[in-house]
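Asks:
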Amino acid sequence: MPGVPGQPGKFKVSKVADTHIELTWEPAYTKEGIVNYELLYKPVKFGSLEKLTFGPRSSYTVEGLKANTEYSFSLAAISNKGIGAFTNELVQRTLQASMSQFDCVHLLYLQ
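What follows is the structure, given as structure tokens:
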């Protein structure tokens, strides 16, 4: 559709933890100006597709993820003329859950 934004550039993972992943990108090109971004993500194996919409920026941290789980992410820019094309899917696994200090003390007590 004429006037919709291009794809965001250099869409990549910048930080990974056990329950969140930070994504970064270069702003999409549009004469109209970006009003929002739409991020689609889901666990690769099991789970439903989630959609997040947020204002113009060049990074976003997806929180509330499950540890040691592979997720796919895709991003599109939105202008007043509509939504542009989504980026290629990006896949990243969260880190293993780290044991809290309480868990370590509890394990020592059980031994």
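Residue 4 in the UniProt record's numbering sits at position 4 of the sequence shown, and the numbers go up by one each step. Virtual Cβ for every residue (Gly too), placed ideally from N, Cα, C. Here the structure is a predicted model, which means the values were calculated and not measured.
1) I'd like the list of long-range same chain contacts for residue 95, defined as Cβ closer than 8 Å, with 5 residues on each side in sequence excluded.
2) Going by the CB atoms, is the gap between residue 26 and residue 8 shorter than 8 Å?
3) Can you give the Cα-Cα distance for residue 83 and residue 77, rounded to whole angstroms?
4) Tell me where the beta strand (DSSP E) around residue 125 begins and ends.
5) Tell me which residue opens and which closes the beta strand (DSSP E) that residue 76 is part of.
6) So, for residue 65: in the same chain, excluding its five sequence neighbours on each side, which residues have a beta-carbon less than 7 Å away from its beta-carbon?
7) Along the chain, where does the beta strand (DSSP E) containing residue 16 start, and where does it finish?
Replies: Judging by the given coordinates:
1) 16, 17, 18, 67 and 68
2) yes
3) 6 Å
4) An answer regarding residue 125 cannot be provided, because it is not within the stretch 1 to 111 covered by the chain.
5) From DSSP, the beta strand (DSSP E) with residue 76 extends over 70-79.
6) 19, 20, 21, 71 and 94
7) 9-16
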